[in-house]
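Participant: Got a structure for you, written out below as structure tokens; questions coming shortly.
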Amino acid sequence: MSIYGAMFAGVSGLAAQSNALGMISDNIANVNTIGYKGTSARFSTLVTQAATQTTHTPGGVMSSPYSYVNRQGLLQGSSSGTDLAVAGQGFFVVNESANPGFGDDFYFTRAGSFNPDQNGNLVNAAGYYLQGYDLRTTTPQPSSSTFTGLSTVNISNLSGSAAPTTNIALGVNLPSTAPTTAPGNSFSVTAQVFDSLGNAHDMDITFTKTASNSWTWSANDPTMASVGTAVATGSGTITFTSAGTPAAFVPAAPTITLTGFTTGAGNATITLDLGTAGATDGLTQFAGNFTISNIDQDGVRFGNYTGISISEEGIVTALFDNGQRQDIYQLPLGMFRNPNGLEGKTGNVYLETNRSGNFQLNLAGEGGAGVVAPGALESSTVDLAEEFTKMIITQRAYSANTKVITTADEMLDELIRVKR
Numbered sequence: 509m510s511i512y513g514a515m516f517a518g519v520s521g522l523a524a525q526s527n528a529l530g531m532i533s534d535n536i537a538n539v540n541t542i543g544y545k546g547t548s549a550r551f552s553t554l555v556t557q558a559a560t561q562t563t564h565t566p567g568g569v570m571s572s573p574y575s576y577v578n579r580q581g582l583l584q585g586s587s588s589g590t591d592l593a594v595a596g597q598g599f600f601v602v603n604e605s606a607n608p609g610f611g612d613d614f615y616f617t618r619a620g621s622f623n624p625d626q627n628g629n630l631v632n633a634a635g636y637y638l639q640g641y642d643l644r645t646t647t648p649q650p651s652s653s654t655f656t657g658l659s660t661v662n663i664s665n666l667s668g669s670a671a672p673t674t675n676i677a678l679g680v681n682l683p684s685t686a687p688t689t690a691p692g693n694s695f696s697v698t699a700q701v702f703d704s705l706g707n708a709h710d711m712d713i714t715f716t717k718t719a720s721n722s723w724t725w726s727a728n729d730p731t732m733a734s735v736g737t738a739v740a741t742g743s744g745t746i747t748f749t750s751a752g753t754p755a756a757f758v759p760a761a762p763t764i765t766l767t768g769f770t771t772g773a774g775n776a777t778i779t780l781d782l783g784t785a786g787a788t789d790g791l792t793q794f795a796g797n798f799t800i801s802n803i804d805q806d807g808v809r810f811g812n813y814t815g816i817s818i819s820e821e822g823i824v825t826a827l828f829d830n831g832q833r834q835d836i837y838q839l840p841l842g843m844f845r846n847p848n849g850l851e852g853k854t855g856n857v858y859l860e861t862n863r864s865g866n867f868q869l870n871l872a873g874e875g876g877a878g879v880v881a882p883g884a885l886e887s888s889t890v891d892l893a894e895e896f897t898k899m900i901i902t903q904r905a906y907s908a909n910t911k912v913i914t915t916a917d918e919m920l921d922e923l924i925r926v927k928r
């Protein structure tokens, strides 16, 4: 009977609208959830096959959730350098365990509110650990369909380090008017160099004019008060053209050898860059005074760990107070053909499904994954004005369906009274 059918259609309408209101309430509840993607109700008809073409058999309606996971939320600035967002279609890879093993699932998320735990592991507010490639042991693939090589990003136990001097570049003008005999024919440059333990030493490089357009150079012992001494061995000759630029260096690749450190540091060989023959990028011989334009060396003292920085390419870099930087991790971004088909889990994370397609891990900035935005968080995509409007429509639709049920009840009551 159509009256019963109308009543059941009204009941299905109540269920569908209740389901829709649940989605709206979820959206409103997560309006401040980092990386949350809004869910919307999609309605579809329930059709019952009619016995004849002249009658209608009510079927009703059903609603199902549809998550707009591919929507980009607004990026808001954060004062924490470990807060991360993605500007693009990629997802951070996370795991429920700090030390992923058998049975520990990998998930995907846009919730990038990561902070170090007591062990230095980066974990977000929902308790999921950020995964990356350890650049100290692993070379990341540009694209991968497996989680091989991933480990939890850990920023603890990053001890300081020192770098010995291996190269010195000089920019010096040797006066063309200098005599060829003492006094007045020698000029010295003092360069600070570092041994393998990070100790600083002062080393003199002396230039002596021996003939017109001809000079020699030699290295003198490096010293540092209360630290110790070493022996510097190195010498050579330079000839200049009439244009004031070097004509030739002997040896062609000058080097200085440091031995006998009392600090316990190892022996070292330093490459001395005096410029290019025929150019003015190093030594020159022009009229005027002895001038030093630059002394560049690549060694650094021992440095302590001060923090990390994260680039748009997802490279996590350790910073030290001696100016050194060390790349320690690179964060991959997960990609899906249909991100809206992902299965949501508690904690604002997702699992791949048949509808989403298989994941593909790309490096940030490649394959459409987008870039990492450090010091930022992705806002929820929920629009309160839109949700309140949907709530009003849902409430009215629910009330209308209850009216169908009460009307059908009144019609059935009239039919029962016919017998009386």
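Numbering (my numbering), first residue to last: 509 to 928.
The beta carbon of each residue, even a glycine, is placed where N, CA and C say it ideally should be.
Under DSSP, the alpha helix (DSSP H) around residue 922 begins and ends at which residues?
Facilitator: Here the alpha helix (DSSP H) through residue 922 covers 892-926.
Participant: DSSP three-state call for residue 636: helix, strand or coil?
Facilitator: Residue 636 falls in the coil class under three-state DSSP.
Participant: Return yes when the Cβ of residue 762 is within less than 9 Å of the Cβ of residue 786, no when it is not.
Facilitator: no
Participant: In this structure, what does DSSP give as the bridge partners for residue 714?
Facilitator: 696, 726
Participant: Going by CA-CA distance only, name the one from 599, 687, 605, 774 that's closest to residue 617.
Facilitator: 599
Participant: Measure the C-alpha to C-alpha separation of residue 488 and residue 783 and round it to an integer number of angstroms.
Facilitator: Residue numbering for the chain in the displayed model covers 509 to 928; residue 488 lies beyond these limits and cannot be assessed.
Participant: For residue 814 and residue 863, I'd like the C-alpha separation in whole angstroms.
Facilitator: Residue 814 and residue 863: Cα-Cα distance of roughly 45 Å.
Participant: Roughly how many whole angstroms lie between the Cα atoms of residue 606 and residue 510?
Facilitator: 60 Å
Participant: Assuming residue 726 contacts residue 714 under a Cβ cut-off of 8 Å, what Cβ separation, rounded to an integer in Å, is found between them?
Facilitator: 5 Å
Participant: Can you tell me whether DSSP reads residue 534 as helix, strand or coil?
Facilitator: helix
Participant: Would you report the Cα separation of residue 728 and residue 739, rounded to the nearest angstrom?
Facilitator: 7 Å
Participant: Here's the rule: buried if 16 or more other CB atoms are within 10 angstroms of the residue's CB, otherwise exposed. What is residue 680?
Facilitator: buried
Participant: Measuring CB to CB, does residue 869 end up less than 9 Å from residue 704?
Facilitator: no
Participant: Going along the chain, which residues of its own chain have a beta-carbon closer than 6 Å to the beta-carbon of residue 546, five neighbours each way excluded?
Facilitator: 535, 576, 889, 890
Participant: Taking the straight line between their C-alpha atoms, what separation do you get for residue 876 and residue 552?
Facilitator: 33 Å
Participant: Take the Cβ of residue 564 as the centre, count every other Cβ of all protein chains shown within 10 Å, and call the residue buried at 16 or more, exposed below.
Facilitator: exposed
Participant: Whole angstroms is fine: what's the gap from residue 528's alpha carbon to residue 538's?
Facilitator: 16 Å
Participant: Residue 853 bridges to which residues according to DSSP?
Facilitator: 857
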